[in-house]
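Asker: Sharing a structure here in structure tokens format.
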Amino acid sequence: MHHEHAMLRALTEVSPAAQAVTALMVGWDEDARDAVDLTLVEALTNIVRHGPPHETRPIRLEIDLTDASISIDIVDFTSPMPPDLLERAGTATFEFDADDVQAIPESGRGLALIMVLMDEVTLHEQDELSRLRLVRRR
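Residues in the sequence shown are numbered consecutively from 1, following full-length UniProt numbering.
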């Protein structure tokens with residue numbers, strides 16, 4: 001089943017957009033829904049924070065849901081990401097000293113987290129259109 005959702009480019013819109021997608025995942029286990037929710041929050045937050053401040057076009061979510069998987073395309077009109085950004089994120093680690101709370105980075109792990117939580121993560125860019133595809137299988 002195909003669904004579409006448009007999101008205004010604001011941090012206050014991130015959580016409602018993620019919840020709108022996970023609400024479609026009827027019958028999926030809680031771990032899968034939580035993984036998709038966290039992934040969308042991370043991805044959409046990055047797009048809003050790092051996108052051009054003058055951009056007003058909404059971010060589009062194209063969702064394809066089957067019994068076996070959910071595929072979410074986040075379509076955005078922004079300048080391209082560095083080509084090796086996803087590759088570098090896939091090699092990031094989550095190691096830190098739990099006894100040194102001050103040394104734990106507050107940001108910079110979002111893409112690595114997305115790579116861990118999703119079964120497929122791909123980025124397609126053409127001109128000023130970026131399409132981040134996220135796939136989670138049951």
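Note that the Cβ used here is the ideal one computed from N, Cα and C, for glycine as well.
Taking the DSSP output, what are the residues bridged to E125?
Answerer: Position 125 of the sequence shown, counted from the start, is the residue given in the question as residue 125. According to DSSP, which records beta bridges pairwise, E125 is partnered with S130.
Asker: Verify whether the separation of the beta carbon atoms of residue 139 and H5 is less than 9 Å.
Answerer: No information on residue 139 is available, as it lies outside the stretch 1 to 138 that the chain covers here.
Asker: Compute the distance between the beta-carbons of I59 and L8, then report whether it is under 9 Å.
Answerer: Looking up residue 59 in the sequence shown gives position 59. Looking up residue 8 in the sequence shown gives position 8. Yes; because the gap between Cβ atoms is below 9 Å, this pair is in contact.
Asker: Could you pull the DSSP bridge partners for R137 from this structure?
Answerer: As a first step, residue 137 must be located in the sequence shown, where it is residue number 137. Beta-bridge pairing links R137 to S69.
Asker: Measuring alpha carbon to alpha carbon, tell me which residue in M118, E125, A17 is nearest S69.
Answerer: On the sequence shown, position 69 is the one that residue 69 refers to. Residue M118 is the option with its Cα nearest to S69.
Asker: If you compare alpha carbons, which of P52, I114, R133 is closest to T122?
Answerer: By one-based count along the sequence shown, residue 122 stands at place 122. Ranking the options by Cα distance to T122, first place goes to R133.
Asker: If you compare alpha carbons, which of L40, L129, S130 is closest to L113?
Answerer: Translated into positions along the sequence shown, residue 113 becomes position 113. Ranking the options by Cα distance to L113, first place goes to L40.
Asker: Could you tell me the boundaries of the beta strand (DSSP E) in which H3 lies?
Answerer: Taking the first residue of the sequence shown as 1, we reach residue 3 at position 3. From DSSP, the beta strand (DSSP E) with H3 extends over 2-7.
Asker: What's the C-alpha gap between G110 and H50?
Answerer: On the sequence shown, position 110 is the one that residue 110 refers to. On the sequence shown, position 50 is the one that residue 50 refers to. Each residue's alpha carbon lies about 13 Å from the other.
Asker: Going by C-alpha to C-alpha distance, which of A18, E128, V26 sits closest to T78?
Answerer: Position 78 of the sequence shown, counted from the first residue, corresponds to residue 78. Considering only alpha carbons, the answer is E128.
Asker: Keeping to the same chain, check which residues put their C-beta closer than 7 Å to that of H15; ignore five residues upstream and five downstream.
Answerer: Within the sequence shown, residue 15 is the residue found at index 15, counting from 1. Note on residue identity: the sequence assigns Ser, not His, to residue 15. Excluding residues within five positions, the ones whose Cβ falls inside 7 Å are V41.
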